[in-house]
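Just below is one structure, and these are the notes that go with it.
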Amino acid sequence: MTKQDYVKQFSSPCFWDTDQQSFDLERYPAFIVSRVFEMGTLNDWRLLVAYYGLDRIVEVCKSLRHLDRVSLSFITAISNTSPTDYRCYTSIQ
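In this note's numbering, the protein residues as written are 1 to 93.
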């Protein structure tokens, strides 16, 4: 599947304020990952994992300034990582 095929399959509410024609999955992974965690569906999550892979998603999440408690719990549980490894952990406390 091409990059544009992935872009077309993301749900509209997840990226309601972006132009999907100029959507760049490689240039803005932090934006895309955070949007899927905030507003995405299960299908959006599956697309994210299929495109980036879990390891890259974890690395992106570790660098995010904000991630809600549920999202942080989810990503640490499926990746077997510690919440203290994530930049956003201090802002949640």
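Cβ coordinates follow ideal geometry from the N, Cα and C atoms, glycine included.
Whether residue i touches residue j by CB criterion (8 angstroms)
i	j	result
Met-39	Cys-61	no
Tyr-86	Leu-72	yes
Selected residue, minimal CA-CA separation from residue i, among the options
i	options	result
Lys-8	Arg-87, Leu-47 and Asp-55	Leu-47
Ile-75	Asp-55, Trp-16 and Arg-65	Asp-55
Asp-94	Glu-26, Gln-4, Val-33 and Ser-12	Nothing about residue 94 can be read from this structure; the chain reaches only from 1 to 93.
Glu-59	Leu-42, Val-70 and Pro-83	Pro-83
Glu-26	Ala-77, Asp-44, Lys-3 and Asn-80	Lys-3
Leu-64	Tyr-28, Ile-78, Ala-50 and Trp-45	Tyr-28
Coarse secondary structure for residue i, derived from DSSP in three states
i	result
Asp-44	helix
Thr-81	coil
Arg-35	helix
CB contact below 8 angstroms: residue i versus chain C
i	result
Ser-82	This model lacks chain C altogether; it includes just one protein chain.
Continuous alpha helix (DSSP H) stretch holding residue i: start and end
i	result
Cys-61	54 to 63
Tyr-6	3 to 9
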